[in-house]
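Residue numbers (full-length UniProt numbering): 1 to 672. Ideal Cβ positions, reconstructed from N, Cα and C, are used throughout, including at glycine. Bear in mind the structure is a predicted one, so any value in this text is a computation, not a measurement. Quick notes on the structure that follows.
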């Protein structure tokens, strides 16, 4: 029999509706118990308004189903499972102190690790208190507190998209102010605490007990079922003053007597706060002190000062600095309200654009996993990781998905990218703590700066040549066609699309009633390597090609017409060469292309009727093809063939080139 649970979020705690339901008993490992309970609560609770489900059980929780010695676990939960279907926990009911176990397991669902974990070292320096997220309870006399590490990971979780279910306000606050001034010892006297901890009939131990077992002469100690048993021939009243009360609760067995050899049991939990321990005295923070109602007066928390901003997360391209403040002036106690408002603030830093050719920030984060297989199948120690771009689910924008190079399979390597990572390859929005936040083309957080500075109603007019804050006044469209019949099978250059170009649109189709065996190909102008349809291997299906800081979309050779496009307003960070691969029965291709570029970077025209000046530079020739132009000559350099049209262009006029170009020396040339 377990209760049906409904949780109600409230500012100072969580209330549970309990409805008994009959379920099958579970006698397996705690992993199996947790999985079964999660499935059960998901299927059985029709009113799914709860954010996490917790099972309180008197049954043992075992690591190994066949060994009772492994049944010392107090609770189990999946880390970071709050707001998910796996948001479940199981806690063994061991009396009032179980409340701390409940807090511990709910802490896990909020992504808190154990304080002994290595990831907590940097946060817990100098923290010496007994903490709720200790892996094992410490049986000392210090109060249980949340550690700085717990605060960090809980805050991180609550600031992320994972905690969205917690944003919904409760329909009713089940934690009333009347509870805030009442300590549990007021409601449960000490014998009742023993009854709850060790079973019906158990009472406070009649013998004098010591807070540390096994250091009394002739004492007998044993460890059974996680409980220490102490027997002593000394017969004295518990409150005789020889040893302190309140530290640990020692009780008789559940029939009200001591153990068979005259001892008492303890689980090293303290007496409940507020338990009467003497005349006008109660237990408070594990000590018997004079009763003072002022000890439980709620004190609201107050913010401490903002700390200095930390280091910038990036060296260029828009990094992030963070500053924190703590709710410790004063710390809220006794049910006092926690501070409201932001505990962390962010500013942009190093907002200058990265130099052309700089690796994408997300690509660097994937490359950090090079050689690491993550125990994934079919991967070797030589694996190279590259980003997976183009994911459509907004929840994935700020997660680090990577794929092995030359593979389409992708994997989640980190739950969050580094702060300052763009939400997508062509996005200006910025990832902070795993959340995609608004950003501008100036690489600044919360900036309204777009590729265009004007607004028409609510729609921005984007600058077509990719100038941040531009108005299209500096933009020029370059277009042309190419229909040259290749002399032999192979690759032929069509045009160089220069760095800084945007809005690229290329199509290729055959003439009517002709078999088309011409295919578009692309070459990286920096590495001179093919990025599309190289080495006589053509891609038949639609695909995305990551090139510098943008994605080139390709239709595949099966499409009619065959096409290549780039995202609107996003510029090439390096030159791109368009080629055509002609094979089989050679026919003329029909290629049209256009792109937008800043007028200052556009291919130049000749002035005043003079021929274009040509310089021997180790670069590709800049050409514009027009449908009415005719072939005038060829330049061949190494493996590259370049068809020169009748016109080179500069300034706004067109000049016919001579039929032959003198003194070219078969060297590759470019315009001044």
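(message) Bridge partners for residue 547 per DSSP, in chain order?
(response) In the DSSP secondary-structure assignment, residue 547 is bridged to 550.
(request) Tell me whether residue 426 sits in a helix, a strand or coil according to DSSP, three-state version. (result) DSSP places residue 426 in coil when its eight states are reduced to three.
(request) Tell me whether the beta-carbon of residue 580 lies closer than 8 Å to the beta-carbon of residue 494. (result) Yes, the Cβ-Cβ distance between residue 580 and residue 494 is below 8 Å.
(message) Just to confirm my understanding: we take residue 127, look at its own chain, exclude 5 residues before and 5 after, and list those with CB closer than 7 Å. What are they?
(response) 147, 148, listed in sequence order.
(message) Going residue by residue through the region 17 to 100, where are the continuous beta strand (DSSP E) segments of at least 3 residues, counting only ones entirely within it?
(response) Scanning the region 17 to 100 for uninterrupted beta strand (DSSP E) segments of 3 residues or longer gives 53 to 57, 75 to 77, 88 to 92, listed from N- to C-terminal end.
(message) Closer than 8 Å is the cut-off here; do at least three beta carbon pairs connect the region 591 to 602 with the region 538 to 546?
(response) With the cut-off at 8 Å, the region 591 to 602 and the region 538 to 546 do not touch.
(request) Kindly list the residues whose CB is nearer than 8 Å to the CB of residue 538, restricted to its own chain and excluding five residues on each side of it in sequence; keep chain order. (result) Same-chain partners within the cutoff: 519, 557, 581.
(message) For residue 341, tell me which candidate among 275, 303, 133 has the shortest Cα-Cα distance.
(response) Distances from the alpha-carbon of residue 341 to those of 275, 303, 133 put 303 closest.
(request) Report the rounded CA-to-CA distance for residue 245 versus residue 252, giving the unit in angstroms. (result) About 16 Å.
(message) Less than 8 Å between the beta carbons of residue 388 and residue 347, yes or no?
(response) By the CB criterion at 8 Å, residue 388 and residue 347 fall outside the cutoff.
(request) Drop a sphere of 10 angstroms on the beta-carbon of residue 49, count the other beta-carbons inside from all chains shown, and report buried for 16 or more, exposed for fewer. (result) Result: exposed.
(request) For chain C, find out if any of its Cβ atoms is closer than 8 Å to the Cβ of residue 41; answer yes or no. (result) You won't find chain C in this structure, because it holds only one protein chain.
(request) Would you kindly check if the distance between the Cβ of residue 502 and the Cβ of residue 465 is under 8 Å? (result) In this structure, residue 502 lies closer than 8 Å to residue 465 by Cβ.
(request) With DSSP collapsed to three states, give me the class of residue 324. (result) The answer is strand: DSSP assigns residue 324 an E or B state.
(request) To the nearest angstrom, report how far apart residue 64 and residue 32 are at their CA atoms. (result) So the alpha carbons of these two residues sit roughly 10 Å apart.
(request) From the DSSP output, read off the bridge partner residues of residue 387. (result) Answer is 402, bridged to residue 387.
(message) Taking 8 Å as the threshold (C-beta atoms), are residue 431 and residue 415 in contact?
(response) For the 8 Å CB-CB criterion, residue 415 and residue 431 do not form a contact.
(message) Starting from residue 365, trace the alpha helix (DSSP H) in both directions and tell me its first and last residue.
(response) It spans 361 to 367 - the alpha helix (DSSP H) in which residue 365 sits, taken as one unbroken run.
(request) Output yes or no for whether 8 Å exceeds the beta carbon distance between residue 601 and residue 498. (result) Yes, the pair counts as a contact, with Cβ atoms nearer than the cut-off.
(request) On a CA-only basis, which of 112, 155, 75 is nearest residue 343? Give me that one, please. (result) If you compare the alpha carbons of 112, 155, 75 with that of residue 343, the shortest gap goes to 155.
(request) Just the C-alpha distance for residue 674 and residue 404, rounded to the nearest angstrom, thanks. (result) Given that the chain is displayed from residue 1 to residue 672, the structure contains no residue 674 and the question cannot be resolved.
(request) Select from 571, 206, 56 the residue whose C-alpha is nearest the C-alpha of residue 598. (result) 571 is the residue among 571, 206, 56 whose C-alpha sits nearest the C-alpha of residue 598.
(request) Check whether the region 298 to 317 touches the region 264 to 278, counting contact only when three or more Cβ pairs, one atom from each stretch, lie closer than 8 Å. (result) No contact exists between the region 298 to 317 and the region 264 to 278.
(message) For residue 406, count the other beta carbons within 10 Å of its own beta carbon; 16 or more makes it buried, fewer makes it exposed. Which is it?
(response) An exposed status is given to residue 406, since fewer than 16 other beta-carbon atoms sit within 10 Å of its beta-carbon.
(message) Rounded to whole angstroms, what is the Cα-Cα separation between residue 95 and residue 198?
(response) When rounded, the distance between both Cα atoms is 8 Å.
(message) Measuring alpha carbon to alpha carbon, tell me which residue in 159, 284, 57 is nearest residue 80.
(response) Looking at the Cα atoms, 159 is the closest of the given residues.
(message) Once the 5 residues before and after residue 561 are set aside, which same chain residues still bring their CB inside 7 Å of it?
(response) Excluding sequence neighbours, residue 561 sits near 507, 508, 509.
(request) Provide the residue span of the beta strand (DSSP E) that contains residue 521, from first to last. (result) Boundaries of the beta strand (DSSP E) harbouring residue 521: 518 to 524, taken from the DSSP string.
(message) Between residue 715 and residue 327, how many whole angstroms is the CB-CB distance? I'm expecting something under 8 Å.
(response) Here the chain covers residues 1 to 672 and nothing more, so residue 715 does not appear.
(request) In the DSSP assignment, find the alpha helix (DSSP H) that holds residue 376 and state where it starts and stops. (result) Where residue 376 is concerned, there is no enclosing alpha helix (DSSP H), given that its DSSP letter is neither H nor E.
(request) Helix, strand or coil for residue 144, going by three-state DSSP, please let me know. (result) Per DSSP, reduced to three states, the secondary structure at residue 144 is strand.
(message) Which same chain residues end up closer than 6 Å to residue 316 when comparing Cβ atoms and leaving out the 5 residues on each side of it in sequence?
(response) If you ignore the 5 residues before and after residue 316, its C-beta comes within less than 6 Å of the C-beta of 350, 352, 354, all in its own chain and listed in chain order.
(message) Tell me the rounded alpha-carbon separation between residue 85 and residue 552.
(response) Residue 85 and residue 552: Cα-Cα distance of roughly 38 Å.
(request) Rounded to whole angstroms, what's the CA-CA distance from residue 90 to residue 564? Just pull it up for me. (result) Near 55 Å, if we compare the C-alpha coordinates of residue 564 and residue 90.
(message) Rounding to the nearest angstrom, what Cα-Cα distance links residue 299 and residue 339 in this structure?
(response) When rounded, the distance between both Cα atoms is 11 Å.
(message) Does residue 132 pass the burial test, meaning 16 or more other C-beta atoms within 10 Å, or should it be called exposed?
(response) Burial of residue 132 is indicated by the presence of at least 16 other C-beta atoms within 10 angstroms of its C-beta.
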